[in-house]
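Chemist:
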Amino acid sequence: MRKTHFLPVVDTKKIVGYLDTTMPDYMQTYRASGLLPDMANNNAVHVNEKIIPNVAAGLIKVKPQAERFTGEGEIEFVDATQEKYDVIITCTGYEMPDYSFIPGFDRAQLYEHFFWTEDPSLAVINPPVDTAGFGAAFPYFDIISQWVINVFSGESPLPEKEAMRKWCAEHMASLHVKRFYDSWLETIRIGLLAGLLPDPARDFSRYWNIISSVVKPAYLASPPAAPEPGMMDSLFDFRAARIRILSGLGNDALGYLLKKGDITDAEYQAALETDPRQSLSVHLPYSQTYL
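Take the working numbering: the final residue in the sequence shown is number 292, and no numbers are missing along the way.
(1) For Pro-286, is the beta carbon positioned less than 7 Å from some heavy atom of the ligand PLP?
(2) Taking the straight line between their C-alpha atoms, what separation do you get for Phe-205 and Asp-234?
(3) Run the CB neighbour count on Pro-201, radius 10 Å, all protein chains shown included, and call it buried at 16 or more, exposed below.
(4) Do Tyr-287 and Leu-186 have their C-beta atoms closer together than 8 Å?
(5) Which runs of the alpha helix (DSSP H) spanning at least 4 residues fall entirely within the region 23-69, listed in chain order?
(6) Count the other C-beta atoms from every protein chain shown that fall within 10 angstroms of the C-beta of Cys-169, then say buried if there are 16 or more, exposed otherwise.
(7) Give me whichever residues DSSP pairs with Glu-156 in a beta bridge.
(8) Label Lys-4 either buried or exposed according to how many other C-beta atoms from any shown protein chain fall within 10 Å of its C-beta, with 16 as the threshold for buried.
(9) Could you check what DSSP says for Arg-180 in three-state terms: helix, strand or coil?
(10) Ala-241 to Thr-23, Cα distance in whole Å?
(11) Once DSSP output is grouped into helix, strand and coil, what is the label at Ile-144?
(12) Can you list, in chain order, the residues of its chain with a C-beta nearer than 7 Å to that of His-114? Leave out the 5 residues immediately preceding and following it.
(13) Could you name the residues of the same chain whose beta carbon sits closer than 6 Å to that of Pro-65, not counting the 5 residues immediately before and after it, in chain order?
(14) Quick check: what's the CA-CA separation for Met-2 versus Gln-279?
(15) Taking the C-alpha atoms as reference points, what is the distance between Lys-15 and Met-40?
(16) Do Leu-247 and Glu-274 have their CB atoms nearer than 8 Å?
(17) Alpha carbon to alpha carbon, what distance is there between Asp-253 and His-177?
(18) Go to Ile-76, then tell me how far its beta strand (DSSP E) extends in each direction, as first and last residue.
(19) Of the choices Arg-108, Ile-212, Thr-91, Ile-90, whose alpha-carbon is the least far from that of Met-97?
(20) For the alpha helix (DSSP H) that Leu-273 lies in, which residues bound it at each end?
And the structure:
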């Protein structure tokens with residue numbers, strides 16, 4: 002079954018057009034640098050605002066991936082060009098954590114990357130090791146910590162061991178393959194999975210007010226009374242997204258929300274009439290392809 006994504010409905014051209022209007026000088030410099038991507042499906046590339054002007058001014062020369070060091074002390078790049086430098090600084094990122102001190106432990110057996118399937122009294126609070134473009138929404142770790150506490154206290158039961166092993170077999174077998182990881186959307190997903198955020202099927206308004214507002218960690222603990230708009234909201238059809246999410250809740254949940262007054266008659270009807278193939282999961286799936 003084809004997965005319907007939450008985010009890639011925004012046209013890259015519209016985003017670039019918006020940026021051209023709001024910050025024309027910078028975008029002109031960005032194009033002059035030659036670094037403006039033709040397309041992007043996420044915010045995996047984090048750009049230092051000082052790099053672009055320096056590249057455009059010729060103060061920094063961009064080279065492709067390094068292939069090898071030559072015997073003459075030069076670097077050969079993948080395009081067969083060679084350069085010689087006085088100082089080379091390697092930015093190799095982080096090493097995978099070493100858990101060899103735990104007898105019998107295998108990182109591939111971490112359910113949802115956090116709970117050891119063979120003994121869930123052990124939890125690892127760390128970004129998944131197969132991710133890149135993680136972002137900086139640190140409430141992610143708060144949500145995981147709360148989930149761990151609730152599991153340890155018995156308030157949030159984990160799936161049966163076989164179900165967790167099945168999840169690990171599907172998701173933990175290729176940890177060397179990097180994927181994009183949106184920490185805010187993962188915070189929402191894990192918060193729902195752990196029962197720490199409002200249940201959309203019972204309290205859709207509070208859930209909606211979190212996901213349709215600007216990113217504010219405080220809203221996870223206390224959702225706003227109404228969505229707080231962001232600067233680029235005009236690029237996104239929130240009404241259509243709301244209906245598509247509602248349509249995935251099922252008839253019983255829709256009936257309950259209508260009776261409660263959480264949704265209108267028009268929203269109820271629109272959700273019922275939505276093609277199931279266009280429904281959006283409340284977990285807000287997104288493309289994890291790392292560009």
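We put the CB at the ideal spot given by N, CA and C, even for glycine.
Just so we're clear, the structure is a prediction, and the values are computed from it rather than from any experiment.
Modeler: Looking at the coordinates:
(1) Summarising the ligand content, the structure contains no ligands, and the ligand PLP is consequently not present.
(2) So the alpha carbons of these two residues sit roughly 20 Å apart.
(3) By the beta-carbon neighbour count (other beta carbons within 10 angstroms, threshold 16), Pro-201 is buried.
(4) Taking a C-beta distance under 8 Å as the contact criterion, Tyr-287 and Leu-186 qualify as a contact pair.
(5) Runs of the alpha helix (DSSP H) inside the region 23-69: 25-34, 52-57.
(6) Of the residues assessed, Cys-169 falls on the buried side of the cut-off, its CB having 16 or more other CB atoms within 10 angstroms.
(7) BP columns for Glu-156 are empty, so no partner.
(8) Reliability of the predicted coordinates at Lys-4 is poor, the pLDDT of 48 falling under 50, and the value obtained from them is presented with this limitation in mind. Lys-4 is exposed by the Cβ-count criterion.
(9) In the three-state scheme derived from DSSP, where H, G and I count as helix and E and B as strand, Arg-180 is classed as strand.
(10) Each residue's Cα considered, the two are about 26 Å apart.
(11) In the structure shown, Ile-144 sits in a helix (DSSP, three-state: H, G or I).
(12) Closer than 7 Å at the Cβ level, and outside the excluded window around His-114, lie Pro-129.
(13) Only residues of its own chain outside the window of five on either side were considered, and among them Phe-78, Val-79, Asp-80 have a CB closer than 6 Å to the CB of Pro-65, listed in chain order.
(14) In this predicted model, Met-2 has a pLDDT of only 34, less than 50, meaning its place in the structure is not dependable; the value taken from the coordinates is given anyway. Here the C-alpha atom of Met-2 lies approximately 12 Å from the C-alpha atom of Gln-279.
(15) Going by the C-alpha atoms only, they are around 11 Å apart.
(16) With contacts defined as CB atoms closer than 8 Å, Leu-247 and Glu-274 fail to qualify as a contacting pair.
(17) Approximately 42 Å between the Cα atoms of the pair.
(18) Note, Ile-76: beta strand (DSSP E), 76-78.
(19) Minimum Cα distance to Met-97 is reached at Arg-108.
(20) Residues 266-274.
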